[in-house]
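Counting from 17, one number per residue, gives the positions in the sequence shown under my numbering. Everything below concerns the one structure shown next.
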Amino acid sequence: MKPEKNKEGDKMEKETCTFSYCEKPEIVEHDTDLLLIGGGMACCGSAYEGTKWAAADNLKITMIDKAAADRSGAVAMGLSAINTYIGENTCEDYVRYVRADLMGITRDDLVYDLGRHVDDSVQLFEEWGLPIWKKGDDGFSMDGFQAGAAGKASLRDGGTPVRSGKWQIMINGESYKAIVAEAAKKALEINREATGVDQNLFERVFIVRLFKDANDPKRVAAAVGFSVRENKMYIFKAKAMVLAAGGAVNCFRPRSVAEGQGRAWYPVWNSGSGYALGMQAGAELTLMENRMVPARFKDGYGPVGAWFLFFKCKATNSLGEDYCADEGYLKDAREKYGKYVDGMGTTIRNHLMLNAMKEGKGPIMMRTDLAMQTINKKFIDELGEKEGKKKAKHLEAEAWEDFLDMCIGQAGLWAGKSVDPAKEHSEIMPTEPYLLGSHAGCAGFWCSGPSDIPGTPDHYHWGYNRMSTVPGLFMAGDICGASGHKFSSGSHAEGRIVAKSAIAFILDNPDFVPTPRKTADEMAAELYAPFEVYEKNKTYSTDPEVNPHYIKPQMLQARLQKIGDEYFAGISTYYMTSETMLAEGLKQLTLLKEDSAKMAASNYHELMRCWEQYHRILSLEAHARHIRYREETRYPGYYYRGDFNFIDDDKWKVFTCSTYDIETGEFTMSTREHKNIFPD
Ligand SMILES: Cc1cc2nc3c(=O)[nH]c(=O)nc-3n(C[C@H](O)[C@H](O)[C@H](O)COP(=O)(O)OP(=O)(O)OC[C@H]3O[C@@H](n4cnc5c(N)ncnc54)[C@H](O)[C@@H]3O)c2cc1C
Numbered sequence: 017m018k019p020e021k022n023k024e025g026d027k028m029e030k031e032t033c034t035f036s037y038c039e040k041p042e043i044v045e046h047d048t049d050l051l052l053i054g055g056g057m058a059c060c061g062s063a064y065e066g067t068k069w070a071a072a073d074n075l076k077i078t079m080i081d082k083a084a085a086d087r088s089g090a091v092a093m094g095l096s097a098i099n100t101y102i103g104e105n106t107c108e109d110y111v112r113y114v115r116a117d118l119m120g121i122t123r124d125d126l127v128y129d130l131g132r133h134v135d136d137s138v139q140l141f142e143e144w145g146l147p148i149w150k151k152g153d154d155g156f157s158m159d160g161f162q163a164g165a166a167g168k169a170s171l172r173d174g175g176t177p178v179r180s181g182k183w184q185i186m187i188n189g190e191s192y193k194a195i196v197a198e199a200a201k202k203a204l205e206i207n208r209e210a211t212g213v214d215q216n217l218f219e220r221v222f223i224v225r226l227f228k229d230a231n232d233p234k235r236v237a238a239a240v241g242f243s244v245r246e247n248k249m250y251i252f253k254a255k256a257m258v259l260a261a262g263g264a265v266n267c268f269r270p271r272s273v274a275e276g277q278g279r280a281w282y283p284v285w286n287s288g289s290g291y292a293l294g295m296q297a298g299a300e301l302t303l304m305e306n307r308m309v310p311a312r313f314k315d316g317y318g319p320v321g322a323w324f325l326f327f328k329c330k331a332t333n334s335l336g337e338d339y340c341a342d343e344g345y346l347k348d349a350r351e352k353y354g355k356y357v358d359g360m361g362t363t364i365r366n367h368l369m370l371n372a373m374k375e376g377k378g379p380i381m382m383r384t385d386l387a388m389q390t391i392n393k394k395f396i397d398e399l400g401e402k403e404g405k406k407k408a409k410h411l412e413a414e415a416w417e418d419f420l421d422m423c424i425g426q427a428g429l430w431a432g433k434s435v436d437p438a439k440e441h442s443e444i445m446p447t448e449p450y451l452l453g454s455h456a457g458c459a460g461f462w463c464s465g466p467s468d469i470p471g472t473p474d475h476y477h478w479g480y481n482r483m484s485t486v487p488g489l490f491m492a493g494d495i496c497g498a499s500g501h502k503f504s505s506g507s508h509a510e511g512r513i514v515a516k517s518a519i520a521f522i523l524d525n526p527d528f529v530p531t532p533r534k535t536a537d538e539m540a541a542e543l544y545a546p547f548e549v550y551e552k553n554k555t556y557s558t559d560p561e562v563n564p565h566y567i568k569p570q571m572l573q574a575r576l577q578k579i580g581d582e583y584f585a586g587i588s589t590y591y592m593t594s595e596t597m598l599a600e601g602l603k604q605l606t607l608l609k610e611d612s613a614k615m616a617a618s619n620y621h622e623l624m625r626c627w628e629q630y631h632r633i634l635s636l637e638a639h640a641r642h643i644r645y646r647e648e649t650r651y652p653g654y655y656y657r658g659d660f661n662f663i664d665d666d667k668w669k670v671f672t673c674s675t676y677d678i679e680t681g682e683f684t685m686s687t688r689e690h691k692n693i694f695p696d
């Protein structure tokens, strides 16, 4: 059967939901001033900071999370290091480090702004109860509990943290997110009592769409979503919104297969909503071609940062050679990617590792055994046999805690394979790609920066700090573009920056009364269409999972991941793509987008899964269109353009930007000039 042409751009087919087959949800309308979408690190920062600035004018703040804020977002499982703490370093150097790791193109203003605010967030975390490692009097490390018991000074009072790298500090962080969320929830409660609303924290509510305003077509009036537990649709009307719903995972076929598919590096619940919601509202994207391909312990996706930085561990090819020092690889890389190679950033290290893998010199080995032997010897040499062994044992326990804190699955995998990393090396592997604008990634929205940094060009600063090109729609954390390496602390700090400027925006625009262009019934018809499609057609086949009239979210995901993987530089092509592959992949993705009008859900969880897939489709499409537009290989080791396998600074040292038209489904691509505000 010929597929019907979807004339509605990226919207679901009109006829789909008249609630003839599925039950209409209860519709709850909620009015607020500042709406926070996401309950992760950034929005927790916004809730905390926003409450202070909202108090004088009694402004209402509301936070929504698809999960429960105590354990939601990328920090859910806990972390063992805070990766951005400036401390004794300078913000200028932080800018240089971030820019170098992201191959020369970042927004110095945003990075500097974050650097000058981030330490205050970390010091607050410690005050709220997060144990932070400190240097002992003997120069050795004390974990957070030992330091607390020994009465070591807090960071704010001049305590010296244990650094695992120049910018990272060690923590006992299993409960990191719960601690940060507690402060955010407390702040929201203060705001709720002051403003007299019944509720201002909505958990287990999944936001599907932002709807435009009826009177001001540039602005968004409402965020609309549904409860994943009961039959309720929510319309949140707000004068300003902070969007911080994280990046996108599972757009590409993962290395884990079958029942292992739930394993990924990026949190599986950050499904591209951050990008999709902003794109659909018309916010301009930047550097969406960028992605993150972290090298992690194979299969468990366990973190390697502490091993590399703190335990001074080396990675080698299977012959024990340092592939990052291979003269042949380096010469070839310099010819293609020039001066960026010697910066030895994340992408280049990946690139050199891939060279070794392609030559059959894998598996790539993390020499955890050698690192532990060296540490043991050093401790015994310096402290004597008994004390040295005791200290080394404690450190080994900390190494295990590193995994139990933030990736318990890795510890399980080692136990299951009878591997003791202190005695045996372990394999590492570059993962499938993820889209995010933090960590060693910078894909996100083009936002206005601060106004007070000398040398900032006008096109970096046109409005309120961290406001997107849609007035009143602010971005933070993993989706604020061109400014990576925020990590957990920086995302919290950015959330605080954003809340303050969003409140200034609300106060400067007092007459705006959010009025969604669509009626509640129209919104409900769109959101609940997958229920109607399912109920209408489910008896057509004997197995409701397989049916010619609809597609279940799991199948849709399989198709999406296959397209991403095979055409847009996933693992199966060693991250290689080209104009012809991108063109074919985009053709197939367009068909998938059309077919998404037939998504079907049999329960609330599947309804969420349907919309998650839809958000992934949009995120992946933006990613592919940006890769196609940038005719060079800016991020070798993350992806390669086989037809433009070089860096071309003369033409492409620019920000690539795009806007998405929800009515036509079309992207408009452009570039913006890049400037180093701080010299190299
Ligand atoms: C595996 C991993 C390891 C990391 N390790 C470290 C580390 O060691 N140290 C460090 O400092 N940083 C680390 N980071 C970085 C840090 O965790 C992130 O940069 C930070 O959490 C980003 O904050 P955010 O608020 O943008 O996103 P998140 O904290 O991920 O929050 C996103 C929120 O949006 C919600 N959400 C998503 N979609 C919707 C929707 N449609 N509707 C409603 N809510 C939605 C989610 O439930 C979540 O609450 C790590 C990140 C990852 C992924």
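Backbone N, C-alpha and C fix where the C-beta goes; we use that ideal spot for every residue, glycine too.
In the DSSP annotation of this structure, the continuous segment of the beta strand (DSSP E) that includes Ile-223 starts and ends at 221-228.
Going by DSSP, Lys-193 is part of no beta strand (DSSP E) but of the alpha helix (DSSP H) stretching over 192-211.
In this structure Ala-85 is buried. Its beta-carbon is surrounded by 16 or more other beta-carbon atoms within 10 angstroms. Secondary structure note for Asn-366: its alpha helix (DSSP H) is the uninterrupted segment 362-374. Checking the 7 Å criterion, the Cβ of Pro-283 is within range of a heavy atom belonging to ligand 1.
Counting along the chain, the unbroken beta strand (DSSP E) around Ser-442 starts and ends at 442-446. Relative to ligand 1, even the nearest heavy atom lies 7 Å or more away from the CB of Ser-594. Between Ser-464 and Tyr-480 the beta-carbon gap is near 6 Å, inside 8 Å, which marks them as a contact. Ranking Pro-283, Ser-88, Trp-183 by CA distance to the CA of Ala-194 puts Ser-88 first.
In the structure shown, the three-state DSSP call for Ser-157 is strand.
Listed in chain order, the alpha helix (DSSP H) elements of length 4 or more contained wholly in the segment 352-438 are 362-374, 384-399, 401-422, 424-432. Between Val-221 and Gly-241, the gap from beta carbon to beta carbon is short of 8 Å. Following the DSSP letters along the chain, one finds Ile-77 inside the beta strand (DSSP E) bounded by residues 77-81. Here Asp-581 carries a helix assignment [DSSP, helix/strand/coil]. The beta carbon of Thr-48 sits closer than 6 Å to those of Lys-76, Thr-78, Ala-254, all from its chain and outside the five residues before and after it, given in chain order. Beta-carbon to beta-carbon, Val-127 and Tyr-110 are separated by about 7 Å, close enough to satisfy the 8 Å threshold. Non-local C-beta neighbours of Asn-661 in its own chain, meaning closer than 7 Å and more than five positions away in sequence, comprise Lys-352, Thr-649, ordered along the chain.
In the displayed model, Thr-596 falls within a helix according to three-state DSSP.
Exclusion of Thr-106 from the 7 Å shell around ligand 1 follows from its C-beta lying no nearer than that to any non-hydrogen atom of the ligand. Counting along the chain, the unbroken beta strand (DSSP E) around Cys-673 starts and ends at 670-677.
Taking 7 Å as the cut-off, the C-beta of Pro-319 counts as close to a heavy atom of ligand 1. Remark: C-beta atoms of Gly-488 and Met-257 approach each other more closely than 8 Å. Lys-248: member of the beta strand (DSSP E) spanning 248-253, first to last residue.
Its Cα nearest to that of Glu-300, the residue Asp-677 stands out among His-690, Asp-677, Asp-696. For Ile-77, the distance from the CB to the nearest heavy atom of ligand 1 is not below 7 Å. Residue burial annotation: Gly-288 is buried, with at least 16 other C-beta atoms found within 10 angstroms of its C-beta.
Per the coordinates, the alpha-carbon of Val-486 lies some 19 Å from the alpha-carbon of Gly-262. Put simply, the backbone Cα of Ile-102 is about 44 Å away from that of Lys-248. In the displayed model, Ile-495 falls within a helix according to three-state DSSP. The beta carbon of Ala-456 sits closer than 8 Å to the beta carbons of Asp-117, Leu-118, Met-308, Pro-310, Gly-361, Thr-362, Thr-363, Gly-500, His-501 from its chain, once the five residues preceding and following it are set aside; these are given in chain order. Look at His-46 here: in three-state DSSP terms it is strand. Under the three-state reduction of DSSP output, Leu-634 falls in the helix class.
Taking every protein chain shown into account, the CB of Phe-161 has fewer than 16 other CB atoms within 10 angstroms, so this residue is exposed. Here DSSP, grouped into helix, strand and coil, assigns Asn-553 to helix. Counting every other CB atom within 10 Å of its CB across the protein chains shown gives Val-529 a total below 16, marking it as exposed.
Bridge pairing for Tyr-656: Met-592 [DSSP].
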